[in-house]
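Colleague:
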Amino acid sequence: MIRLAQLQDEFQAYLLDRPSTVETHVDDTAKAAAGTLLGVYRHAYGARLAEALGEDYEVVRQIVGDAAFAKFAAAYIAAHPSRHFSLGPFGRHLPHFLGTTQPWSAKPYLAELARFEWSLRRAFDAADAEPMGIDALVAVPVDAWSDLTFRLLPSFTRLDLAWTVPQAWQAVKAGAEAVPPPERRDPPVAWAVWRPELVSEFRSLEPDEAWALDAIVAGANFAAMCEGMSHWHDANAAPARAAGLLRVWIEQGMLAGIAPTARVDA
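Count along the sequence shown starting at 1, add 457, and that's the number in my numbering.
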């Protein structure tokens, strides 16, 4: 008698089109042979995984077409079988897969578009957090500003994109029937993705703003932000630029709050 764990392993191997003895443990029926019955299940399993990929990467699918998407979905499923009870994280490796696997890596915008779409999915699935209000910043005494550090929303992601994939994404979502492949941009453009409430947002960033957001992620305080701004602005304008960025981030709901280590009034 085969052990349950071994039978499960054999069944998984069969679903993934790998060598398996599971067919020897399944009886024929009056209507169909064991191989036919198992084949129906394997087809349904693969189709559901491919469908999940198509839902996560809707714009990638529309740009490449259903036939091409089905081909690399099958290859991805074989290379990255689902190992989680939920389909949520199943597609997380697709950007890397498209960027490193022929023939799809010959079109690098596909990997970048997938990375952009996954960042939107990640933002949607991220933990909810109340965006910081301007009152929290106003309450900080002047002499404590230099030590301030900030927390970004859990949904926040920073991307550097060398192709016009956000524009292609917008065109598809707007209902364009024919969307040309994304165009190359040199240098790459910085982008931010986040979800302040129910809907994910994204926008491009100026180089100094992208640097400042990266600095926040790294734990830099406001004094370090001002110093960093001096690479783009003169010494007198740098603090004003840093403060202006904070206001923009608060107004757009990017910041979750002031980090607990900051000195504020009791």
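Idealized CB from N, CA, C, for every residue including glycine. Remember, it's a predicted structure, so these values are computed and weren't measured experimentally.
Have a look at the DSSP bridge pairing and note the partners of G714.
Modeller: G714 is bridged to R608.
Colleague: Please identify the residue among H537, D617 and Q627 whose C-alpha is closest to the C-alpha of Q519.
Modeller: Selected option, being the one with the closest Cα: Q627.
Colleague: Does DSSP put A681 in a helix, a strand or coil?
Modeller: A681: helix per DSSP, three-state reduction.
Colleague: Threshold first: 4 residues or longer. Then list the alpha helix (DSSP H) segments lying entirely within the segment 568-601, N to C.
Modeller: Taking only runs of at least 4 residues, the alpha helix (DSSP H) segments lying wholly in the segment 568-601 are 591-595.
Colleague: Return the residue from the list W575, A536 and M686 that minimises the CA-CA distance to T558.
Modeller: Nearest C-alpha to T558: A536.
Colleague: Cβ atoms of W689 and P664: under 8 Å apart, would you say?
Modeller: It is a contact, given that the beta carbons lie within the stated cut-off.
Colleague: A633: which of V516, A681, A692 and G511 sits nearest, CA to CA?
Modeller: Answer by Cα proximity: V516.
Colleague: What does the Cβ neighbour count give for R641, buried or exposed, with the cut at 16 atoms within 10 Å?
Modeller: Per the 10 Å Cβ criterion, exposed.
Colleague: With DSSP collapsed to three states, give me the class of V646.
Modeller: Reduced to three states, the DSSP call for V646 is strand.
Colleague: Would you give the residue range spanned by the alpha helix (DSSP H) that D671 belongs to?
Modeller: Taken as a continuous stretch (DSSP letters only), the alpha helix (DSSP H) holding D671 covers P664 to V674.
Colleague: Excluding the five sequence neighbours on either side, which residues of its own chain have a C-beta within less than 6 Å of the C-beta of S657, listed in chain order?
Modeller: Cβ within range, chain order: L577, A580 and F581.
Colleague: For A631, which three-state DSSP category applies?
Modeller: Looking at A631 - three-state DSSP - the assignment turns out to be coil, as it is neither helix nor strand.
Colleague: Can you list, in chain order, the residues of its chain whose CB lies under 7 Å from that of Y514, leaving out five sequence neighbours each side?
Modeller: If we look at Y514 and ignore the five residues flanking it on each side, its Cβ neighbours are G548, L551, A571 and E574.
Colleague: Mapping DSSP to helix, strand and coil, what is L616?
Modeller: Reduced to three states, the DSSP call for L616 is strand.
Colleague: Please classify L610 as buried or exposed, where buried requires at least 16 other C-beta atoms within 10 Å of its C-beta.
Modeller: Result: buried.
Colleague: Could you pull out every residue in the same chain whose Cβ sits closer than 7 Å to the Cβ of C683, ignoring the five residues on either side in sequence?
Modeller: Excluding positions up to five away in sequence, the list reads A695, P696 and A699.
Colleague: For F659, which beta-bridge partners are listed by DSSP?
Modeller: Answer is V650, bridged to F659.
Colleague: Return the CA-CA distance between G556 and A635, expressed in angstroms with no decimal places.
Modeller: Rounded to the nearest angstrom, the two C-alpha atoms are 24 Å apart.
Colleague: At what residues does the alpha helix (DSSP H) containing Q519 begin and finish?
Modeller: First-last of the alpha helix (DSSP H) with Q519: E515 to V521.
Colleague: Roughly how many angstroms separate the alpha carbons of C584 and A593, rounded to a whole number?
Modeller: Before going on, a small fix: residue 584 reads as Ala here, not Cys. Rounded to whole angstroms, A584 to A593 spans 21 Å at the Cα level.
Colleague: What does DSSP give as the partner residues of R641 in its beta bridges?
Modeller: The partner list for R641 (beta bridge, DSSP) reads W620.
Colleague: In terms of alpha-carbon separation, which member of K528, D643 and L655 lies closest to S612?
Modeller: The residue with the shortest Cα to Cα distance from S612 is L655.
Colleague: Just to confirm, is the Cβ distance from T614 to V650 under 8 Å?
Modeller: The answer is yes: Cβ separation under 8 Å.
Colleague: From F529, P546 and A677, pick the residue whose C-alpha is nearest to that of S562; which is it?
Modeller: Of F529, P546 and A677, the residue nearest in Cα terms is F529.
Colleague: Going by the CB atoms, is the gap between A667 and L702 shorter than 8 Å?
Modeller: Not a contact, by the Cβ cut-off of 8 Å.
Colleague: Here's the rule I'm using: 16 or more other beta-carbon atoms within 10 Å means buried, otherwise exposed. How should I673 be labelled?
Modeller: Looking at its Cβ environment, which holds 16 or more other Cβ atoms inside 10 Å, I673 is buried.
Colleague: Assign G590 to one of two classes, buried (16 or more other C-beta atoms within 10 Å of its C-beta) or exposed (fewer than that).
Modeller: It counts as exposed.
Colleague: Please report the distance separating the alpha-carbon of R652 from that of P565.
Modeller: So the alpha carbons of these two residues sit roughly 27 Å apart.
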